[in-house]
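Participant:
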Amino acid sequence: CLQQILGAMESQVAGGPAGSALPNGPLLGTNGATDDSKTNLIVNYLPQNMTQDEFKSLFGSIGDIESCKLVRDKITGQSLGYGFVNYSDPNDADKAINTLNGLKLQTKTIKVGF
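In this note's numbering, the protein residues as written are 1224 to 1337.
Printed below as a string of structure tokens:
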């Protein structure tokens, strides 16, 4: 399943716009990498059968992750379709948005943002 996800990601990235840098350059706060608002992402519209390991592998392919959490129903353990990823480097967070936002996973199109 993860191989399908990564394969889909690679094909979409390869066909994406060239030079997808942010128009205003890198986002750096006064605190640098310690500013969570520049490194902590929310991810919406994840497939309900995605596992924590698949979630971590997908976003870990972009850069070093400090933490990530796929949110689940406390009773059933079923994914609620969203999660959080905190990168060590703000540039990796930007790269994750540019690379993974809009990625189709199974029947869902994920949304990645701050």
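We put the CB at the ideal spot given by N, CA and C, even for glycine.
Name the DSSP beta bridge partners of Asn1267, please?
Facilitator: As a first step, residue 1267 must be located in the sequence shown, where it is residue number 44. Among the bridge pairs identified by DSSP, Asn1267 is matched with Tyr1305 and Lys1334.
Participant: For Tyr1305, which residues from the same chain have a beta carbon less than 7 Å from its beta carbon, with the 5 sequence-adjacent residues on both sides left out?
Facilitator: By one-based count along the sequence shown, residue 1305 stands at place 82. Excluding sequence neighbours, Tyr1305 sits near Ile1265, Val1266, Asn1267, Leu1269 and Val1294.
Participant: Please state whether DSSP places Ile1320 in a helix, a strand or coil.
Facilitator: Along the sequence shown, one-based indexing puts residue 1320 at 97. In the structure shown, Ile1320 sits in a helix (DSSP, three-state: H, G or I).
Participant: Below 8 Å CB to CB, which residues in the same chain sit around Asp1287 once its five sequence neighbours on both sides are set aside?
Facilitator: Taking the first residue of the sequence shown as 1, we reach residue 1287 at position 64. Within the same chain, Tyr1310, Ser1311, Asp1312 and Asp1315 come within 8 Å of Asp1287 by CB-CB distance, once the 5 residues on both sides are set aside.
Participant: What does Ile1288 pair with, by DSSP beta-bridge criteria?
Facilitator: Here residue 1288 refers to the residue found at position 65 when the sequence shown is read from its first residue. As DSSP reads the structure, Ile1288 sits in a beta bridge with Tyr1310.
Participant: What is the residue span of the alpha helix (DSSP H) that Gln1275 lies within?
Facilitator: The count along the sequence shown starts at 1 and reaches residue 1275 at position 52. Counting along the chain, the alpha helix (DSSP H) containing Gln1275 begins and ends at Gln1275 to Gly1283.
Participant: Buried or exposed, going by whether 16 or more other CB atoms sit within 10 Å of the CB of Ile1285?
Facilitator: Taking the first residue of the sequence shown as 1, we reach residue 1285 at position 62. Buried, since its Cβ has 16 or more Cβ neighbours within 10 Å.
Participant: With distances taken from CA atoms, which of Asp1258, Gly1283 and Asp1296 is nearest Gln1271?
Facilitator: For the purposes of this step, residue 1271 is taken as residue 48 along the sequence shown, with counting starting at 1. Checking every option, the nearest Cα to that of Gln1271 belongs to Asp1296.
Participant: Are the beta-carbon atoms of Leu1326 and Ile1320 separated by less than 8 Å?
Facilitator: Taking the first residue of the sequence shown as 1, we reach residue 1326 at position 103. Taking the first residue of the sequence shown as 1, we reach residue 1320 at position 97. No, Cβ-Cβ distance for Leu1326 and Ile1320 is not below 8 Å.
Participant: Near Gln1301, which residues of its chain fall below 7 Å by C-beta distance, leaving aside the five closest residues on each side in sequence?
Facilitator: One-based indexing of the sequence shown puts residue 1301 at position 78. Sequence-distant partners of Gln1301 (beyond 5 residues in either direction) whose C-beta falls short of 7 Å from its own C-beta, in its chain, are Gln1271 and Arg1295.
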